[in-house]
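Report on the structure given below.
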Amino acid sequence: MHTPAHIQRILIADDDPVIRRLVTRLVEQEGYEPVVVDDGGAACRLLQLDSEFCGAIFDMMMPHLEGLDIMRFMRTEKRLMRIPVMLMTSEKDLKLMANSFAAGVSLFLPKPFTMDQFQKTLRLLLNNKSHQTTPWR
Amino acid sequence: MSSSNLLIDSPEHPLATVTNRAIESVDLKILRSFDEAQEEGESDFVLELINLYLNEVPRLFSAIREAIAKDDWPSIKRAAHSVRGSSSNLGILQIAVIAGALEQLAANQHAPVGQLLLSLQDEFTRVEKILSAERQRRTV
Chain D
1 MHTPAHIQRI LIADDDPVIR RLVTRLVEQE GYEPVVVDDG GAACRLLQLD
51 SEFCGAIFDM MMPHLEGLDI MRFMRTEKRL MRIPVMLMTS EKDLKLMANS
101 FAAGVSLFLP KPFTMDQFQK TLRLLLNNKS HQTTPWR
Chain U
1 MSSSNLLIDS PEHPLATVTN RAIESVDLKI LRSFDEAQEE GESDFVLELI
51 NLYLNEVPRL FSAIREAIAK DDWPSIKRAA HSVRGSSSNL GILQIAVIAG
101 ALEQLAANQH APVGQLLLSL QDEFTRVEKI LSAERQRRTV
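Residue numbers (this note's numbering), protein chains in the order written: chain D, 1 to 137; chain U, 1 to 140.
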């Protein structure tokens, strides 16, 4: 599948329709094209066919496959390794965060988040792909 | 009387703090902050979020009820987690707190989850009224 260079697509996976809608709108407002799925399994199936994303935003806790599981899958495929990933989470589990960074997560977005926090984190994700941090703690 | 037999509203109950009325039901400032995501010429975005929330939460309550009947602790935890996530992000604070407590109880497989589901449903009745008023304010 080929995506023209001027189109910047972001993969969004979240089972919560409210957060999914909110994130989709905020991604659009930043000028990116959202590609939206509602669970981790669907995200993995899509990534097997299509790696043309400039970033990915996953909810940590989803049915079938969680955000961290998708990350581990992505790190097994070279074409997917370059995609920076933001994990959204309301967990405050330091071990889970450490494991996520070890699996290659670039950034965390703690929930609840404001529009401003989302926008800043997304910009950080896409402008500084090698940086791993949690900006709001 | 064991703690699980106490009413949650009783100050002796270990979960009494989760129904502390000092936390408002809905912080409309948080909800309305998403007006900044409104696109010109498109339908009211906050209204869309309200409608999604009011449709989704009863579905999650049903999932919790069914999971309680089956002692399916992971499903209770997952559904409570979802209620907490969307509620806290939209400023629906009291439900977020109660759902967080329910999530913790389910994680520890602790029995009185049914009482917290009743508290959630009771609080949701209040929230529905507040959000319906907000919906009406936006549609007139």
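Here a beta-carbon is modelled for each residue, glycine too, at the ideal position from N, C-alpha and C.
Find the residues of chain A that neighbour Phe45/U, judging by a C-beta separation of less than 8 Å, and give them in chain order.
-> No chain A appears in the structure shown, which is made up of the protein chains D and U.
Using the DSSP secondary-structure output, state which residues sit across from Ala56/D in a beta bridge.
-> Beta-bridge pairing links Ala56/D to Leu11/D, Val85/D.
Give the interface partners of Asn89/U over in chain D, defined as CB-CB distance under 8 Å, in chain order.
-> What Asn89/U touches in chain D, judged by beta-carbon distance under 8 Å, is Val18, Ile19, Leu22, Lys111, Pro112, Phe113, going in chain order.
Please determine if the stretch 102–120 of chain U and the stretch 53–66 of chain U are in contact, where contact requires at least 3 C-beta pairs separated by less than 8 Å.
-> When C-beta atoms of the stretch 102–120 of chain U are compared with those of the stretch 53–66 of chain U, three or more pairs fall below 8 Å, so the two segments count as touching.
Could you pull out every residue in the same chain whose Cβ sits closer than 6 Å to the Cβ of Asp116/D, ignoring the five residues on either side in sequence?
-> Apart from the 5 residues on each side of it in sequence, Asp116/D has no Cβ closer than 6 Å to any other Cβ in its chain.
Skipping 5 residues on each side, what residues in its chain have a beta carbon closer than 7 Å to that of Arg126/U?
-> The answer, listed in chain order, is Ser25.
Using a Cβ cut-off of 8 Å (strictly closer), state whether Lys129/U contacts chain D.
-> Chain D, which has no Cβ nearer than 8 Å to the Cβ of Lys129/U, makes this no.
Reference Ala96/U, options Leu117/U, Ser75/U, Val83/U, Arg32/U, closest by Cα | Measuring C-alpha to C-alpha distances from Ala96/U to each of Leu117/U, Ser75/U, Val83/U, Arg32/U identifies Val83/U as the nearest.
Taking buried to mean at least 16 other C-beta atoms within 10 Å of its own C-beta, is Leu131/U buried or exposed?
-> Around the CB of Leu131/U, 16 or more other CB atoms lie within 10 Å, so the residue is classed as buried.
Using a Cβ-Cβ cut-off of 8 Å, state whether Asp69/D counts as contacting chain U.
-> No, Asp69/D does not count as interfacial toward chain U.
Looking only at C-alpha atoms, which of Ile12/D, Lys111/D, Ile57/D sits nearest to Gly85/U?
-> Nearest of Ile12/D, Lys111/D, Ile57/D to Gly85/U, Cα basis: Lys111/D.
The stretch 12–20 of chain D contacting the stretch 57–70 of chain D, beta-carbon criterion three pairs below 8 Å | Touching, yes.
Helix, strand or coil: how does DSSP classify Glu30/D here?
-> Assignment of Glu30/D by DSSP, reduced to helix, strand and coil, places it in the coil class.
Just the Cα atoms here: how many angstroms apart are Val46/U and Arg32/U?
-> As the crow flies, the alpha-carbon of Val46/U is around 7 Å from that of Arg32/U.
Test: Asp38/D CB closer than 8 Å to a CB of chain U | No, Asp38/D lies away from the interface with chain U (no Cβ there is under 8 Å from its Cβ).
Alpha carbon to alpha carbon, what distance is there between Tyr53/U and Phe124/U?
-> Taking the Cα positions, Phe124/U is about 11 Å away from Tyr53/U.
What in chain D is Cβ-close to Arg78/U, meaning under 8 Å?
-> The answer, in chain order, is Met61, Pro63.
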